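Encoded as structure tokens, the structure appears first; notes follow it.
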Amino acid sequence: MLYLKGVELENFKSFKGELTIPLVRSFTAITGPNGSGKSNIGDAIQFVLGTRSNKNIRADNVKDLIFNGGGGGKPARHCKVTLVFANEAGEDGQRRMSVDSDEVRFIRHVRLTKSGNSVSSYKLNGEDSSRNHFRLLLAEANASADGYNIVLQGDVTNLAKMTSRNRRKVLDKVAGVTAYDDEIRRANSQRDKVDEFIERISILQNELTDQLGNLKKERETALKAKEKLSIEQSDGVG
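Counting from 27, one number per residue, gives the positions in the sequence shown under my numbering.
Next comes the structure, spelled out in structure tokens:
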């Protein structure tokens, strides 16, 4: 079964230095008083999962994710977040993620260059990886930063205020139904292209059939004219 078994932070937002947050299999929520860092933990998870916009993790750019010194300390030059997933094989011997390991570690690291620019890097179980590879593997587990795998503060209220149709869309997305919808749309699109191609072939076939018929008529006319000419020439010789 696949589940998030731990989050490891290093100089991420308000967290100075290294911090490990173990999550057991039945762990479902992070609670605490205001200002304790709950939202920053959620931001860290989204940071690795690959949110589409930095605004979703309350940052203008990735530089804002690096510990800034806390008002009086020394600002850090890098930050790193690791998501540790359990990826044990099921009874059928299959793993949810196509990684041959009981544990999958997604690591995203951001560092500042001497000129102050930010550079991001990705590692999967210690090996160099990429943002796209992360997304492909996480998609196998139906995990997305912009989905409802993580329920942040305010999400429950927003869900309650949704129309029944929009709420159904959310449930379909969480259940993975939308992935099948995408497959159906792609299949329908391919079918339409094939139908269009067949229609073009049919039109071309009809045109060629008409041309062939005309050519046969012209051939018959030419043969008759040739035969008539041969007869006339024979009569003239006689």
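Here a beta-carbon is modelled for each residue, glycine too, at the ideal position from N, C-alpha and C.
Since this is a predicted model, take the numbers as computed values, not measurements.
How big is the Cα-Cα spacing for residue i and residue j?
| i | j | result |
| --- | --- | --- |
| K243 | D207 | 54 angstroms |
| D126 | F132 | 14 angstroms |
| S144 | F160 | 20 angstroms |
| R211 | R122 | 24 angstroms |
| L238 | E222 | 24 angstroms |
| R103 | R191 | 46 angstroms |
| T7 | V196 | No information on residue 7 is available, as it lies outside the stretch 27 to 264 that the chain covers here. |
| A85 | L91 | 7 angstroms |
| K252 | R226 | 38 angstroms |
| A248 | L234 | 21 angstroms |
| K149 | K106 | 11 angstroms |
What three-state label does DSSP hand residue i in the structure shown?
| i | result |
| --- | --- |
| T46 | strand |
| D154 | strand |
| V74 | helix |
| R226 | helix |
| E117 | coil |
| I56 | coil |
| N175 | coil |
| D16 | The shown model of the chain, from 27 to 264, leaves out residue 16, and the question about it has no answer. |
| N232 | helix |
| R217 | helix |
| D86 | coil |
| R161 | helix |
| G61 | coil |
| S170 | coil |
| R245 | helix |
| S251 | This sequence places Ala at residue 251; Ser is not what is there. Helix, per DSSP. |
| S141 | coil |
| G268 | No answer is possible for residue 268: the residues shown for the chain start at 27 and end at 264. |
Per DSSP, which residues does residue i bridge with? Please list them.
| i | result |
| --- | --- |
| A112 | Y29, E129 |
| P107 | First, the amino acid is wrong: residue 107 is Val here, not Pro. Per DSSP, L35, R134. |
| I92 | F38 |
Go ahead and label residue i buried or exposed: buried means 16 or more other beta carbons lie within 10 angstroms of its beta carbon, across all protein chains shown.
| i | result |
| --- | --- |
| V74 | buried |
| Q216 | exposed |
| L230 | exposed |
| L163 | buried |
| I241 | Per the sequence presented here, residue 241 reads as Leu, with Ile not at that position. That one is exposed. |
| Q213 | Inspection of the sequence shows that residue 213 is occupied by Ala rather than by Gln. With fewer than 16 other Cβ atoms within 10 Å, it is exposed. |
| K254 | exposed |
Tell me which residue opens and which closes the beta strand (DSSP E) that residue i is part of.
| i | result |
| --- | --- |
| S144 | 144 to 150 |
List the endpoints of the continuous alpha helix (DSSP H) containing residue i.
| i | result |
| --- | --- |
| V200 | 190 to 201 |
| T183 | 181 to 187 |
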